[in-house]
Structures are given as structure tokens and as C-alpha cells.
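Engineer: Mind having a look at this structure? Questions to follow.
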Amino acid sequence: MKRLPIAEIIAAAMAACIGYQLDTYDVPLSMTLASSLAMFLAFRDTIHQLTGASRAVTHRCPNRGCDFMVRLTGASAAESRRWQEIAAAHPHRQ
54 MKRLPIAEII
64 AAAMAACIGY
74 QLDTYDVPLS
84 MTLASSLAMF
94 LAFRDTIHQL
104 TGASRAVTHR
114 CPNRGCDFMV
124 RLTGASAAES
134 RRWQEIAAAH
144 PHRQ
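Note that our numbering has the sequence shown beginning at 54, numbered continuously upward.
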């Protein structure tokens, strides 16, 4: 999946904002850096998951109450069709 540079820019801005807020409360530098890095990674991963979710295809079992599902991102039509058939024909719980 091609990384979106805008996601890194947004995540860096949010992490910098949180780092600035922690710095105004005289939080030690090591804790400020650790918190900012953690928030950067969390924001970046969330943005990537949200953008990937819009391009994902989900195949579920047609039986009511069955929780089997397959989520594909960037799959070809043939691959998607193969997983659709697998989801429809998998052994169901009794």
C-alpha cells in the first residue's frame, strides 16, 4: 500500500501539539518525547487504517449468526472472487 505523506504531516502536527501542551506543564523532556512519539504513531496508524478501509472489500459467510469474514485490500478481481467463494462455502458452526 502506498503511504500517504499527508498522514505523516497530520500525525506530526497532532504530536507536536500534544508535546507543546505537555511542555507547558513542565513534564520532563523524556516523557514528553515518549508521549509525542506514541501519539504520532497512533494518529498515523489510525489515518492509514481509515483510508485503507474505504478501499477494502469484505466477504462474509451468508449464514445468519456466522462470524466468518475475509477483508481484502488491493486484491485483483480473480482473487476477490476466489475469497468470495471460500467465504460462501466454508464449514459452518452447528
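Yeah, the Cβ is synthetic: ideal placement off N, Cα and C, and Gly gets one too. No experiment lies behind these values; they were computed from the predicted model shown.
With respect to 7 Å, is the separation between the Cβ of Ile63 and the closest non-hydrogen atom of the ligand SAH below this value?
Structural biologist: The ligand SAH is absent from the structure shown, which contains no ligands of any kind.
Engineer: How should Ser83 be labelled, buried or exposed, when 16 other C-beta atoms within 10 angstroms of its C-beta is the threshold for buried?
Structural biologist: The residue in question, Ser83, is exposed, as its Cβ has fewer than 16 Cβ neighbours within 10 Å.
Engineer: How is His112 classed by DSSP in three states: helix, strand or coil?
Structural biologist: In this structure, His112 counts as strand in the three-state DSSP scheme.
Engineer: Of all the options Ser129, His143, Asp98 and Asp76, which has the alpha carbon lying nearest to the alpha carbon of Cys119?
Structural biologist: Of Ser129, His143, Asp98 and Asp76, the residue nearest in Cα terms is His143.
Engineer: Please specify which runs of the alpha helix (DSSP H), each continuous and at least 4 residues long, are wholly inside the stretch 69-126, giving them in chain order.
Structural biologist: As far as the stretch 69-126 is concerned, its whole alpha helix (DSSP H) runs of at least 4 residues are 82-106.
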